[in-house]
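A.B. asks:
Chains as they are written, first to last, in this note's numbering: chain A, 44 to 153; chain B, 2 to 115.
1. When the Cα atoms are used, what is the spatial distance from residue 46 of chain A to residue 64 of chain A?
2. Would you mind working out which of B:88, B:5, B:44 and B:104 sits nearest residue 136 of chain A, comparing C-alpha positions?
3. If you draw a straight line from the C-alpha of residue 128 of chain A to the C-alpha of residue 55 of chain A, how long is it?
4. I need the DSSP call for residue 96 of chain B, collapsed to helix, strand or coil.
5. For chain B, check one thing: does any of its Cβ atoms lie closer than 9 Å to the Cβ of residue 85 of chain A?
6. Identify whether residue 125 of chain A lies in helix, strand or coil by the three-state DSSP scheme.
7. At a cut of 8 Å, does the segment 105-112 of chain B reach the segment 62-69 of chain B through at least three beta carbon pairs?
8. Helix, strand or coil: how does DSSP classify residue 86 of chain B here?
9. So, helix, strand or coil for residue 104 of chain A, using DSSP?
10. Which residues of chain B have a Cβ atom closer than 9 Å to the Cβ of residue 138 of chain A, listed in chain order?
11. Going along the chain, which residues of the segment 39-52 of chain B sit with their C-beta nearer than 9 Å to a C-beta in chain A?
12. In chain A, what lies closer than 9 Å to residue 107 of chain B by C-beta?
13. Can at least three beta-carbon pairs, one atom from the segment 71-88 of chain A and one from the segment 137-150 of chain A, be found at a separation below 8 Å?
14. Decide if the segment 97-117 of chain A is in contact with the segment 69-85 of chain B; the criterion is three or more beta carbon pairs, one per stretch, under 8 Å apart.
15. Just to make sure I have the definition right: I need the residues of chain A whose C-beta is within less than 7 Å of the C-beta of residue 34 of chain B. Which are they?
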């Protein structure tokens, strides 16, 4: 499985756009990029998955450059409730389980 | 709506006790997982199962065992609890097949071993 590297923590003010970048230099052809979100005292939950270019849903956008060696999770206009740990995972659909790592702790400040 | 439930949110046990953590999922998922989460260490996989009566060791299986007698239920067993097993334990499940590796997590069990 491709190893991922992401910042340990980030701070942001409410209303700002937050971009969290994940590096995955050894990504394989069949690998997808998946992001999970974990609120305090809860289990992680899936938020977005992509293979290339851009994916958007009601929670976030995921930007993947052509070489796919990195990806950026974008959270528009964050609020205090977006304070959570965000995990970047890389692997193929048949890779079970994927590796979660330590994630990025996002703190949103009023 | 997928639901993964864990038998307890909080549990306090004594050193040497045998501890059972139960996990049940209601969406007929083939795969089930047990993780532990500690500050600064992220989620670490203890065991997983891809079918009834099947189990695979994860990254940190020492001191733990598992049981999967029914598809919907996956149990984590601490044969003789120790203080270094104080942690948050998270159960998850997922389907098998193309486009289906999303894991659904339970709320977690915070275990304290005294």
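Beta carbons: idealized from backbone N, C-alpha and C, even for Gly.
Values in this document were obtained by computation on a predicted structure and should not be read as measured data.
C.D. replies: In terms of the structure at hand:
1. The residue labelled residue 46 of chain A in the question sits at position 3 within the first chain. The residue labelled residue 64 of chain A in the question sits at position 21 within the first chain. Residue 46 of chain A and residue 64 of chain A: Cα-Cα distance of roughly 14 Å.
2. Taking the first residue of the first chain as position 1, residue 136 of chain A is located at position 93. Per the Cα distances, B:104.
3. By one-based count along the first chain, residue 128 of chain A stands at place 85. By one-based count along the first chain, residue 55 of chain A stands at place 12. Approximately 13 Å, taken between the alpha carbons.
4. On the second chain, residue 96 of chain B is found 95 positions in, with the first residue counted as 1. Three-state DSSP puts residue 96 of chain B in coil, outside helix and strand.
5. In the first chain, the residue the question calls residue 85 of chain A occupies position 42. Taking Cβ atoms only, chain B reaches closer than 9 Å to residue 85 of chain A, which makes this a yes.
6. The residue labelled residue 125 of chain A in the question sits at position 82 within the first chain. Helix.
7. No: fewer than three Cβ pairs fall under 8 Å.
8. Within the second chain, numbered from 1, the residue matching residue 86 of chain B stands at position 85. Helix, per DSSP.
9. For the purposes of this step, residue 104 of chain A is taken as the residue at position 61 of the first chain. Three-state DSSP puts residue 104 of chain A in a strand.
10. If you number the first chain from 1, residue 138 of chain A lands on position 95. The answer, in chain order, is 102.
11. 41, 42, 43, 44, 45, 46, 49 and 51
12. In the second chain, counting from the first residue as 1, residue 107 of chain B sits at position 106. Here the neighbours are 86.
13. yes
14. no
15. Taking the first residue of the second chain as 1, we reach residue 34 of chain B at position 33. Within 7 Å Cβ-Cβ: 140.
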